[in-house]
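Participant: Protein chains in written order, with the working numbering: chain A, 1 to 251; chain B, 252 to 610; chain C, 611 to 906. In this text, a Cβ means the ideal position worked out from N, Cα and C, and glycines have one as well.
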Amino acid sequence: MALLEVRGLGKRFGGVQAVKDVSFRVERGTVKAVIGPNGAGKTTLFDLLSGFRAPDTGTVRFKETRIEGRPPHQIAALGLSRTFQNIKLFGHMTALENVMVGRHVRSRSGFVAGMLDLPATRREERDIEAAALEVMDFLGVARLARAPAGSLSYGQQRAVELARALAAEPELLLLDEPAAGLNMRETADLARVIGRIRGRGVTVLIVEHDMSLVMGISDEVVVLCFGEKIADADPRSVQQDPDVVRVYLGE
Amino acid sequence: MRGSRHLQVGLFAAAVVAAQLVAQASGKGFFLTQLTMTAYYTLVVLGLSLLMGYAGQISLGQAGFFAIGGYTSAALTTLDLSGQRGQAWVAALARARLLLARPDLYGGEVLSVQPWAAFGLAVLLGAVVAVSLGVPVLRLKGHYLAMATLAFGTIVSSVVVGTQRLGAADGISGVPPFELGAGIRIGGGGAHRLQSYYLAWGLVALAMLLLLNLIHSRAGRALGAIHGAEDAARAMGVDTARLKLQTFVLAAVMATVAGSLLTHYNGGIGPSEASVMKSVRYVAIVAVGGMGSLWGTLSASAVLNFLSLRGYFGSYDDAVFGGILVLVMLFAPAGILQADLRGILRQLAPRRGAPGGEG
Amino acid sequence: MTLELLLQYLVAGLTYGSIYAVVAIGFNIVYNATGIINFAQGEFVMLGGMVAVSLQRSLPLPLAVAGAVGATAAVGALVEVTFIRWLWKPSVLRMIVITIGLSILLREGALLAWGESVRSLPYFTGDEVTALALGGVRVSPQVLWVLGTTALIVAFLTFFFGHTMLGWEMRACASNRDAAALCGLPVRNLVTLSFVLSAAIGALAGAVVSPITYTSYAIGGGLAIKGFTVAILGGLGNSTGALVAGLLLGVLESLSVSALPTAYKDVVTLTILLAILFARPSGLFGSREASRLKDF
Numbered sequence: 001m002a003l004l005e006v007r008g009l010g011k012r013f014g015g016v017q018a019v020k021d022v023s024f025r026v027e028r029g030t031v032k033a034v035i036g037p038n039g040a041g042k043t044t045l046f047d048l049l050s051g052f053r054a055p056d057t058g059t060v061r062f063k064e065t066r067i068e069g070r071p072p073h074q075i076a077a078l079g080l081s082r083t084f085q086n087i088k089l090f091g092h093m094t095a096l097e098n099v100m101v102g103r104h105v106r107s108r109s110g111f112v113a114g115m116l117d118l119p120a121t122r123r124e125e126r127d128i129e130a131a132a133l134e135v136m137d138f139l140g141v142a143r144l145a146r147a148p149a150g151s152l153s154y155g156q157q158r159a160v161e162l163a164r165a166l167a168a169e170p171e172l173l174l175l176d177e178p179a180a181g182l183n184m185r186e187t188a189d190l191a192r193v194i195g196r197i198r199g200r201g202v203t204v205l206i207v208e209h210d211m212s213l214v215m216g217i218s219d220e221v222v223v224l225c226f227g228e229k230i231a232d233a234d235p236r237s238v239q240q241d242p243d244v245v246r247v248y249l250g251e
Numbered sequence: 252m253r254g255s256r257h258l259q260v261g262l263f264a265a266a267v268v269a270a271q272l273v274a275q276a277s278g279k280g281f282f283l284t285q286l287t288m289t290a291y292y293t294l295v296v297l298g299l300s301l302l303m304g305y306a307g308q309i310s311l312g313q314a315g316f317f318a319i320g321g322y323t324s325a326a327l328t329t330l331d332l333s334g335q336r337g338q339a340w341v342a343a344l345a346r347a348r349l350l351l352a353r354p355d356l357y358g359g360e361v362l363s364v365q366p367w368a369a370f371g372l373a374v375l376l377g378a379v380v381a382v383s384l385g386v387p388v389l390r391l392k393g394h395y396l397a398m399a400t401l402a403f404g405t406i407v408s409s410v411v412v413g414t415q416r417l418g419a420a421d422g423i424s425g426v427p428p429f430e431l432g433a434g435i436r437i438g439g440g441g442a443h444r445l446q447s448y449y450l451a452w453g454l455v456a457l458a459m460l461l462l463l464n465l466i467h468s469r470a471g472r473a474l475g476a477i478h479g480a481e482d483a484a485r486a487m488g489v490d491t492a493r494l495k496l497q498t499f500v501l502a503a504v505m506a507t508v509a510g511s512l513l514t515h516y517n518g519g520i521g522p523s524e525a526s527v528m529k530s531v532r533y534v535a536i537v538a539v540g541g542m543g544s545l546w547g548t549l550s551a552s553a554v555l556n557f558l559s560l561r562g563y564f565g566s567y568d569d570a571v572f573g574g575i576l577v578l579v580m581l582f583a584p585a586g587i588l589q590a591d592l593r594g595i596l597r598q599l600a601p602r603r604g605a606p607g608g609e610g
Numbered sequence: 611m612t613l614e615l616l617l618q619y620l621v622a623g624l625t626y627g628s629i630y631a632v633v634a635i636g637f638n639i640v641y642n643a644t645g646i647i648n649f650a651q652g653e654f655v656m657l658g659g660m661v662a663v664s665l666q667r668s669l670p671l672p673l674a675v676a677g678a679v680g681a682t683a684a685v686g687a688l689v690e691v692t693f694i695r696w697l698w699k700p701s702v703l704r705m706i707v708i709t710i711g712l713s714i715l716l717r718e719g720a721l722l723a724w725g726e727s728v729r730s731l732p733y734f735t736g737d738e739v740t741a742l743a744l745g746g747v748r749v750s751p752q753v754l755w756v757l758g759t760t761a762l763i764v765a766f767l768t769f770f771f772g773h774t775m776l777g778w779e780m781r782a783c784a785s786n787r788d789a790a791a792l793c794g795l796p797v798r799n800l801v802t803l804s805f806v807l808s809a810a811i812g813a814l815a816g817a818v819v820s821p822i823t824y825t826s827y828a829i830g831g832g833l834a835i836k837g838f839t840v841a842i843l844g845g846l847g848n849s850t851g852a853l854v855a856g857l858l859l860g861v862l863e864s865l866s867v868s869a870l871p872t873a874y875k876d877v878v879t880l881t882i883l884l885a886i887l888f889a890r891p892s893g894l895f896g897s898r899e900a901s902r903l904k905d906f
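1) Taking its Cβ as the centre, do 16 or more other Cβ atoms sit within 10 Å of Y291 (chain B), making it buried, or is it exposed?
2) Give me the chain C residues within the contact set of F403 (chain B), using Cβ-Cβ distance strictly less than 9 Å, ordered along the chain.
3) Going by the beta-carbon positions, is the gap between A687 (chain C) and T802 (chain C) smaller than 8 Å?
4) Just the Cα atoms here: how many angstroms apart are L144 (chain A) and E161 (chain A)?
5) If you run the structure through DSSP and keep just helix, strand and coil, what is T65 (chain A)?
6) Express the C-alpha separation of A264 (chain B) and R253 (chain B) in angstroms, rounding to a whole number.
7) Once the 5 residues before and after G304 (chain B) are set aside, which same chain residues still bring their CB inside 6 Å of it?
8) Answer with yes or no whether the minimum CB distance from L375 (chain B) to chain A is below 8 Å.
9) With a threshold of 8 Å between beta carbons, is L417 (chain B) in contact with chain C?
10) Thinking just about the alpha-carbon of each residue, which of A:L4, A:T30 and A:D21 is nearest to the one in I75 (chain A)?
11) Considering only residues of the same chain and omitting the five flanking positions on each side of A855 (chain C), which have a CB-CB separation below 6 Å?
12) For H257 (chain B), decide whether its Cβ has a neighbour in chain C, counting only Cβ atoms nearer than 8 Å.
13) Select from C:Q651, C:V661, C:S804 and C:G860 the residue whose C-alpha is nearest the C-alpha of V728 (chain C).
14) Count the other C-beta atoms from every protein chain shown that fall within 10 angstroms of the C-beta of Y448 (chain B), then say buried if there are 16 or more, exposed otherwise.
15) For A265 (chain B) and chain C, any beta-carbon pair shorter than 8 Å?
16) So what does DSSP say about C793 (chain C), is it helix, strand or coil?
17) Using the Cα positions of D241 (chain A) and G41 (chain A), report the straight-line distance between them to the nearest angstrom.
18) Let me confirm a value: A306 (chain B) is counted as buried when at least 16 other C-beta atoms fall within 10 Å, else exposed. Which label applies?
19) Compare the C-beta of P522 (chain B) with all C-beta atoms of chain C and state if any pair is closer than 8 Å.
20) Can you tell me which residues form a DSSP beta bridge with P354 (chain B)?
21) Count the other CB atoms, across all protein chains shown, that sit within 10 Å of the CB of Y395 (chain B); report buried if there are 16 or more and exposed otherwise.
22) First and last residue of the beta strand (DSSP E) that includes L3 (chain A)?
23) Compare the Cα-Cα distances from Y733 (chain C) to each of C:L716, C:V878, C:M780 and C:P672 and report the closest residue.
24) If we ignore side chains and look at the alpha-carbon of each, how far apart do S628 (chain C) and V756 (chain C) end up?
25) Could you tell me the distance, in whole angstroms, from the CA atom of E524 (chain B) to the CA atom of G574 (chain B)?
26) Just to confirm the assignment, what range does the beta strand (DSSP E) spanning T203 (chain A) have?
27) How big is the Cα-Cα spacing for L859 (chain C) and G623 (chain C)?
28) Any idea what DSSP makes of I309 (chain B), helix, strand or coil?
29) Find the nearest neighbour of A18 (chain A) within the set A:E134, A:P178, A:N38 and A:A165, judged by alpha-carbon distance.
30) Taking 8 Å as the CB-CB limit, is V577 (chain B) close to chain C?
31) Might you give, ordered along the chain, the residues of its own chain that have their beta carbon closer than 6 Å to the beta carbon of L362 (chain B), omitting 5 neighbours on each side?
32) Leaving out five residues before and five after W724 (chain C) in sequence, what residues of the same chain have Cβ atoms less than 7 Å from its Cβ?
33) Nearest to A813 (chain C) by alpha carbon, out of C:N648, C:A676 and C:I639?
34) Is it buried or exposed for K229 (chain A), if we count other Cβ within 10 angstroms and need 16 for buried?
35) Quick one: is A605 (chain B) near chain C, going by C-beta distance under 8 Å?
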């Protein structure tokens with residue numbers, strides 16, 4: 001069974017059909033990209049997958065469990081993590097604290113336990129911090145740990161947000177335009193990082209505009225146009241698909 | 252990190268002791284009474300500070316919870332069931348040690364509910380009401396909790412003023428002290444002034460410790476995440492609705508506890524404690540001290556409540572708090588103690604070039 | 611309950627209800643233009659009554675009322691220009707708190723100026739014992755003044771927003787402020803105008819109802835809550851809804867007096883507010899408005 005199975009997904013906003021009858025699968029251990037011109041419905045698709053919007057039609061199966069329409073925090077608890085197009089870090093907290101929030105689904109201490117500061121709670125805190133540092137180290141940003149997240153550079157913030165999403169030890173990671181605002185060198189670094197993430201056993205679904213990144217690291221590519229899927233194959237085939245070419249270059 | 256927290260509370264405890272010694276030494280021992288009352292009011296605003304600063308919600312009904320605490324304790328502990336001793340349910344309550352026989356002013360005996368039982372009931376009631384209010388309203392955004400709590404606070408205010416059983420406009424008096432055992436009690440007048448002072452501020456210190464622990468814990472981080480970027484918090488698995496509810500209930504319970512205990516200390520309660528103006532006052536104090544900044548809120552509460560109780564604001568009491576609210580919100584919405592002067596000046600200057608808004 | 615008694619309650623309910631409706635419409639005007647709920651709305655009603663009473667000592671009644679409306683409208687403009695206009699993208703929380711603070715200041719100012727005494731204008735026609743017999747019910751002529759004034763206000767606003775350039779500009783500003791600004795509309799002044807309008811209608815209502823209900827420095831807060839309840843009930847921003855909801859609430863409140871102790875009259879309205887917020891925050895006539903509100 002595929003890790004993620006999307007069938008007949010549809011979402012309408014007023015008069016606009018943002019996503020129309022979209023179906024695809026993401027196999028475990030692969031990197032799959034979703035591309036398409038602006039307004040193609042990519043962000044809406046992500047919101048539908050991560051629980052920020054409920055679809056009008058269709059189903060989403062994650063690890064054989066139906067998740068469409070469920071709230072984001074429940075989906076996160078199942079092992080699906082995401083980043084955002086316009087980085088949403090917790091600006092007033094340190095980078096480390098941001099990543100520690102990423103461990104939320106892998107820890108348990110509640111409200112009352114937090115107030116009482118019991119030994120078990122303290123132990124869990126140490127574990128959370130250690131795990132967060134490990135992820136930051138993996139991404140090479142451990143030295144930024146104590147800096148306020150709001151004071152970091154754009155590229156650093158992107159890295160911290162990625163660390164936060166990874167800290168949850170997700171099985172599926174949704175990356176929403178991770179290369180936006182990055183220069184060529186940073187984009188190349190990002191490609192390497194995604195490869196290493198896959199190496200850790202994380203499946204990646206990525207929405208992206210940057211073709212070099214997409215074609216270089218993806219195992220499969222889905223192309224959306226006006227909310228509909230027009231291609232779903234390996235990068236090479238997609239590049240040569242006449243429909244895709246027409247959509248990107250115009251008639 | 253944990254050490255600094257304990258150090259802060261330790262310093263605070265030292266300050267409390269110092270304040271008492273200074274007051275006593277300069278012959279102003281009677282200040283202790285207002286300071287003790289201030290401590291209980293501080294409990295209310297600490298909870299509110301967490302709610303406003305972290306959960307980003309505003310409650311205009313904390314006085315309502317305070318009144319639930321105070322009036323429940325007052326009504327139950329001044330009840331006289333001695334005329335109904337024969338009844339089965341009274342006997343059952345007596346067997347369960349929930350009743351207290353005490354002498355009244357005329358040499359007779361009065362049978363009322365034990366203060367600790369009334370206290371427990373009051374807290375339970377406060378929590379239940381908070382959950383009932385919070386569950387439907389916290390899933391909405393913006394004005395809604397503010398309006399719902401305003402409505403709630405006004406309902407409580409109208410009910411206590413209009414109900415004869417609750418003393419109507421005169422309130423309830425003759426509330427007995429709350430015996431904690433070993434001769435320690437809350438209430439009871441001048442002879443126990445010192446004890447009351449330390450009990451009250453000790454409670455505040457405990458609350459500070461618990462809240463500071465909370466802020467630095469997983470739940471506290473999750474709350475901060477909600478404050479920072481709620482969508483991202485949800486994406487990271489934080490059940491934001493539930494956490495906001497828990498914070499709201501915590502703030503409500505703190506207000507309820509404060510209401511009950513202060514009523515025992517004062518020996519009574521009146522409808523003004525339930526008024527909307529009181530709720531607004533609590534919000535003003537949190538705004539000044541910095542929403543979410545516990546020490547800031549505590550400082551603001553200590554100063555403002557003490558001055559108000561000593562009568563320094565005269566008949567302009569309400570106007571002062573209203574004015575404070577407006578000024579702070581206009582110029583330093585994150586609280587005076589965290590005011591960013593450059594930011595303020597930027598606000599006053601032409602908008603061109605000023606970066607994004609505030610949350 | 612006899613039919614006659616029921617009708618009396620009905621009339622009383624419609625009278626109070628129309629005032630609540632006017633307060634709610636005032637909320638809606640400002641809300642539509644700025645997204646702010648202006649808590650000081652109730653104080654505008656209070657000021658209308660109080661200023662009219664003071665002016666009426668030296669001016670004939672119509673002029674006193676007109677003067678009160680003008681003065682209160684000026685206060686509305688002052689409030690907007692001094693406290694609201696220069697805020698840069700304030701959050702909803704901040705605005706609620708600021709307008710609450712402002713309403714307190716206005717109230718305390720009124721206390722300073724007029725003390726705690728309760729006042730009223732003289733009856734516009736007749737006096738407190740004059741009663742017209744209308745279909746078996748004894749109705750004070752002042753009631754007709756109140757209902758008539760409310761109808762006039764609604765008619766004027768309908769005309770203003772529906773058929774005048776200025777009204778269209780305000781609607782444009784309310785609908786999409788940035789687009790309106792780009793079209794060259796004087797957005798900041800239109801916002802001030804919204805405050806002026808809501809203050810003016812509030813003041814007029816306050817003046818015309820004062821013979822019946824009396825007015826004092828403290829009535830603003832309660833009116834604001836009831837007005838807000840009506841606004842939400844009718845669908846925030848929807849003034850036709852506000853009118854219907856206001857009359858409905860007034861009648862409900864009035865009828866409740868026959869069943870509950872008078873002290874609990876307010877509790878009825880407040881419970882309705884809570885019920886609405888819990889069950890249907892979009893109000894009886896609201897629409898997607900509520901889901902839009904959920905997003906900020």
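Facilitator: Straight from the coordinates:
1) Taking all protein chains shown into account, Y291 (chain B) has 16 or more neighbouring C-beta atoms within 10 Å of its C-beta and is therefore buried.
2) Contact annotation for F403 (chain B) against chain C: L880 and L884 [CB-CB distance below 9 Å, chain order].
3) Yes, the pair counts as a contact, with Cβ atoms nearer than the cut-off.
4) Roughly 12 Å between the two C-alpha positions.
5) In the structure shown, T65 (chain A) sits in a strand (DSSP, three-state: E or B).
6) Going from the Cα of R253 (chain B) to the Cα of A264 (chain B) covers about 17 Å.
7) Answer for G304 (chain B): M542 and G543, listed in chain order.
8) Judged by the 8 Å Cβ criterion, L375 (chain B) is not in contact with chain A.
9) Closer than 8 Å: no.
10) Nearest option by C-alpha distance: A:L4.
11) Same-chain partners within the cutoff: V840, L843 and G844.
12) False, the Cβ-Cβ gap to chain C never drops below 8 Å.
13) It is C:V661 whose Cα lies nearest to the Cα of V728 (chain C).
14) Buried: at least 16 other Cβ atoms inside 10 Å.
15) For A265 (chain B), no Cβ of chain C is located within less than 8 Å of the residue's own Cβ.
16) Residue state, collapsed to three classes: coil.
17) Rounded to the nearest whole angstrom, the CA to CA distance from D241 (chain A) to G41 (chain A) is 20 Å.
18) With a threshold of 16 other beta carbon atoms within 10 Å, A306 (chain B) meets it and is buried.
19) Cβ-Cβ to chain C under 8 Å: no for P522 (chain B).
20) P354 (chain B) is bridged to B:E360.
21) By the beta-carbon neighbour count (other beta carbons within 10 angstroms, threshold 16), Y395 (chain B) is buried.
22) That residue, L3 (chain A), is in no beta strand (DSSP E); it is neither H nor E in DSSP.
23) The alpha carbon of Y733 (chain C) has as its nearest neighbour, out of C:L716, C:V878, C:M780 and C:P672, the alpha carbon of C:P672.
24) Cα-Cα distance, rounded: 8 Å.
25) Taken atom to atom, the span from the alpha-carbon of E524 (chain B) to that of G574 (chain B) is near 20 Å.
26) It spans T203 to V207 - the beta strand (DSSP E) in which T203 (chain A) sits, taken as one unbroken run.
27) About 8 Å.
28) In this structure, DSSP gives I309 (chain B) a state outside helix and strand, which the three-state scheme calls coil.
29) Ranking the options by Cα distance to A18 (chain A), first place goes to A:N38.
30) With 8 Å as the cut-off, V577 (chain B) counts as an interface residue toward chain C.
31) Non-local beta-carbon contacts of L362 (chain B) in its own chain, meaning distances under 6 Å to residues more than five positions away in sequence, involve L332, S333, L350 and A352 in chain order.
32) The beta carbon of W724 (chain C) is closer than 7 Å to those of M660 and Y827 in its chain, skipping five residues each way along the sequence.
33) The candidate whose alpha carbon is nearest that of A813 (chain C) is C:A676.
34) Under the 10 Å beta carbon count, K229 (chain A) is surrounded by 16 or more other beta carbons and is classified as buried.
35) Because A605 (chain B) sits at a pLDDT of 38, beneath the cut-off of 50, its placement in the model cannot be relied upon, and the point is left open.
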